[in-house]
Amino acid sequence: MTGDRIASRPKLVLASASPRRYALLQQIGLEPDALLPSDIDEAVKKGELPRTLAQRLANEKAAVAARTAKTRPELSGAYVLAADTVVCVGRRILPKCEILDEADQCLRLLSGRAHRVYTGLCLVTPNGAERHKLVETRVRFKRLSRPEIEAYLASGEWRGKAGGYAIQGLAGAFTLKLIGSYSSVVGLPLYETMSLLAGEGFPTFVSWHGEPVLAEARTSA
């Protein structure tokens, strides 16, 4: 019966190739039917604010993935979910670090101070409507010594991460305070994701249901 319920639910597409976002969806019982990462230009526009950038990129990723999904019959009627995470200090947007010097600069900038992490969400529904949500989280790092920065850089964990760190990994040891959504800093705010999907009729809890026979067995044991 559980398999029938899951098989009958609408399709869910994640517009990302991020293993972190995929794992976060799985954490709350949501298994995407397809991953459709979108190759978009993520360059910051002149004067663009961090929060505006996060939401714009999420919207663009969702739009591209939704167009792709329409060309695939097996994804007919799918919900398409996209997210983008931006780390900033004031209005300064930090890069998704790909070279050592970038990560070094980011860590030195974040050392001993607060910064903000914005994650924009965009959900495209089966009828083509768009729903948006922007999540803001404040994070404060401890003051980092040069040996701590060098050790983190040597780990390689910073590569491809906004702001040059991954809070779910070694950088958790640097985090003094977090106000907001931890999962948003990882890459996908779970409460807001569930709320968006549930608000548009997606059966978010269907995979949480155990087999009735097993439930009865536990009750009678």
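Residue numbers in the sequence shown follow this note's numbering, run continuously in steps of one, and reach 206 at the last position.
C-beta: ideal position from N, C-alpha, C; glycine also.
Query, Result
"CB-CB length for G149 against L79, believed under 8 Å", "7 Å"
"Cut-off 6 Å between Cβ atoms - residues of its own chain near V109, not counting five sequence neighbours on either side", "A47, A51, V65, E115"
"Cutoff 7 Å; reference L155; Cβ partners in own chain excluding five residues on either side", "Y137, S140, E142"
"Identified DSSP bridge partners for L(-1)", "L20, L66"
"Inter-residue spacing [alpha-carbon to alpha-carbon] between L9 and L173", "7 Å"
"Backbone secondary structure at K146 - three-state DSSP", "coil"
"Opposing strand residues paired with C73 [DSSP bridges]", "I78, R101"
"Cβ-based burial, S130 [other Cβ within 10 Å; buried from 16]", "exposed"
"Collapsed DSSP secondary structure at T189 in the structure displayed", "coil"
"CB-CB length for P111 against G62, believed under 8 Å", "4 Å"
"Contact between the stretch 84 to 91 and the stretch 27 to 46 (3+ Cβ pairs under 8 Å)", "no"
"Inter-stretch contact at 8 Å, needing at least 3 Cβ pairs: the stretch 176 to 188 / the stretch 92 to 109", "yes"
"Exposure label - Q40; buried when at least 16 CB within 10 Å", "buried"
"CA-to-CA distance, V191 to T(-13), given in whole angstroms", "Model confidence at T(-13) stands at a pLDDT of 42, short of 50, so the residue's coordinates are unreliable and nothing is read from them."
"For W193 and R(-6), the rounded distance between their alpha carbons", "13 Å"
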